[in-house]
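Have a look at the structure below, then the notes.
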Amino acid sequence: MEEDIKVDEGHASLTNPVEAVEFIKLTKCDSLAAAIGTSHGAYKFKGQQSLHFDVIEQIRENVKKAGLPPTPIVMHGSSSVPQSEVERINAAGGKLDPSARGVNEEEYLPAARLGVTKINIDTDGRLVWTRVHREFFRDHPEQFDFRPPGKIFMEEYANFIAHKNGKLGSAGKLDEVRASLKA
Amino acid sequence: MIVTTAQLYKVAYGKFAVGAYNINNMEQVLGLFRGCIQSKAPFIIQLSKGARAYADKRMLEAMIRAAEVIFPDAIFAVHLDHGDEASCYDCIDSGFYSSVMIDASHESFDNKTRRSPNGWLTALTQRESAWRPNWANSAGWKKTSRWMKGTPA
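This is how it looks when you write it as structure tokens:
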């Protein structure tokens, strides 16, 4: 959950693609955080929902028609809130809403191909932290050193990041980026 | 190596997405860099207003500078997440940030446009150099690299 941001489920509305282009024209922004069906926090959706690919596509088309340079779309609140994480946290003393759902990770790359270039992921990382620490202290109630769970967390967090980068399509692109910086 | 967010966009646009991950503490920083090196991925570090207050913005900057030394192969941008006018100016002036975001999502269309950082920057051209900083020449960078060299290993 990103701080100070609360969007009620009922009030979360989508970006108007015509307004989006007007905004890009007036501000010359480098990227635009558009509302394309996501929201912050662990309680995004009830049940499975999909991103609004039609809105993403329309923004891209309108930008092109207006003769503006391609404008990357930023997707906020893009955590997937894996059910397995929620279950493990709750099995270790947590009380998270088991009906919480996030964005389907398989939709990251199709969205990226339509111009979603920055994908913000925070909640899923917090779930990793909570799961590791709850499980550690449940299984080792006699311990009070913060380094053993910290070590596990860093390893789990690295694996989590590598997994996400795989889904985003950014994994393996480091050399391409390096080459473009030299060009 | 810290690059601008625009440089990452240039490579990624239409092909893949760059992950933008928030950090609040040391364990997250080390885990993030390890994960990105492990998967050979460029990335964006996001600092929220909340994180800058929780961990102190100077502590966050110092941790990122240290991680840059520990992981010389990493390529990433540093971004202000959900800023307001004051935090945007502060980040631009610091010369450390690659990009800033202003959150005007609850404003009317006219106010959104007025509050956009690039909206003010068209009027404030002298800030343009801070907005797209040349890292090698930025005063903040030199100061910090000296500080890094002076830090006992």
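From first to last, the protein sequence lines stand for chains A and B. Final position of the first sequence in our numbering is 195; the numbers increase by one with none missing. Final position of the second sequence in our numbering is 149; the numbers increase by one with none missing. Each residue gets a CB set at the ideal place from its N, CA and C atoms; glycine is no exception.
Using DSSP bridges, identify the partner residues of residue i.
i, result
"residue 85 of chain A", "A/44, A/128"
"residue 75 of chain B", "B/42, B/95"
"residue 10 of chain B", "Residue 10 of chain B pairs with nothing; no bridge assigned."
"residue 16 of chain B", "A/132, B/40"
"residue -2 of chain B", "B/72"
Name, please, each residue of chain A whose Cβ falls closer than 7 Å to the Cβ of residue i.
i, result
"residue 32 of chain B", "173, 177"
"residue 71 of chain B", "186, 189, 190"
"residue 95 of chain B", "42"
For a quick check, are the C-beta atoms of residue i and residue j less than 8 Å apart?
i, j, result
"residue 55 of chain B", "residue 79 of chain B", "no"
"residue 31 of chain B", "residue 170 of chain A", "yes"
"residue 28 of chain B", "residue 173 of chain A", "yes"
"residue 15 of chain B", "residue 177 of chain A", "yes"
"residue 10 of chain B", "residue 79 of chain A", "no"
"residue 33 of chain B", "residue 94 of chain B", "no"
"residue 73 of chain B", "residue 19 of chain B", "no"
"residue 12 of chain B", "residue 185 of chain A", "yes"
"residue 142 of chain A", "residue 89 of chain A", "no"
"residue 43 of chain B", "residue 4 of chain B", "no"
Along chain B, which residues have their Cβ under 7 Å away from the Cβ of residue i?
i, result
"residue 129 of chain A", "5, 8, 9, 13, 14"
"residue 76 of chain A", "Here the premise fails: no neighbours, minimum Cβ distance about 12 Å."
Assign residue i to one of two classes, buried (16 or more other C-beta atoms within 10 Å of its C-beta) or exposed (fewer than that).
i, result
"residue 23 of chain B", "buried"
"residue 84 of chain A", "buried"
"residue 150 of chain B", "Lying before the first or after the last residue shown, residue 150 of chain B is absent from chain B, which here runs from -3 to 149."
"residue 30 of chain A", "exposed"
"residue 130 of chain A", "buried"
"residue 47 of chain A", "buried"
"residue 65 of chain B", "exposed"
"residue 122 of chain A", "exposed"
"residue 118 of chain A", "exposed"
"residue 122 of chain B", "Residue placement at residue 122 of chain B is poorly supported in this model, since its pLDDT is 27, which falls under 50; the coordinates still yield a value, given next. So residue 122 of chain B ends up on the exposed side."
"residue 32 of chain A", "buried"
"residue 7 of chain B", "buried"
"residue 45 of chain A", "buried"
Find the residues of chain A that neighbour residue i, judging by a C-beta separation of less than 9 Å, and give them in chain order.
i, result
"residue 92 of chain B", "Ordered by position in chain A, no residue passes the 9 Å Cβ test against residue 92 of chain B, which lies about 17 Å from the chain."
Strictly below 9 Å CB to CB, what residues from chain B border residue i?
i, result
"residue 133 of chain A", "15, 16, 17, 18"
"residue 53 of chain A", "Near residue 53 of chain A there are no residues of chain B at all, since even the closest Cβ is about 13 Å away, more than 9 Å."
"residue 165 of chain A", "23, 24, 27"
So with CB distances below 8 Å, who are the chain A contacts of residue i?
i, result
"residue 53 of chain B", "Neighbours of residue 53 of chain B on chain A: none; closest Cβ ~14 Å, over 8 Å."
"residue 2 of chain B", "42"
"residue 38 of chain B", "182, 185, 186, 189"
Could you name the residues of chain B that residue i contacts, counting a contact when the two beta carbons are closer than 8 Å?
i, result
"residue 114 of chain A", "Result: empty, since nearest Cβ-Cβ is about 15 Å, beyond 8 Å."
Exercise for review: Check each residue of the region 14 to 27 of chain B: if its Cβ is closer than 8 Å to any Cβ of chain A, include it; give the result in chain order.
Suggested key: 14, 15, 16, 17, 18, 23, 24, 26, 27
Check your understanding: Which residues, taken in chain order from the region 29 to 48 of chain A, show a beta carbon closer than 8 Å to some beta carbon of chain B?
Key -> 31, 34, 35, 38, 39, 40, 41, 42, 43, 45, 47
Check your understanding: When you check each C-beta in the region 62 to 73 of chain A against every C-beta of chain B, which residues fall closer than 7 Å?
Key -> none
Practice item. Residues of the region 76 to 109 of chain A with a CB closer than 7 Å to any CB of chain B: list them in chain order, please. Key: 82, 84
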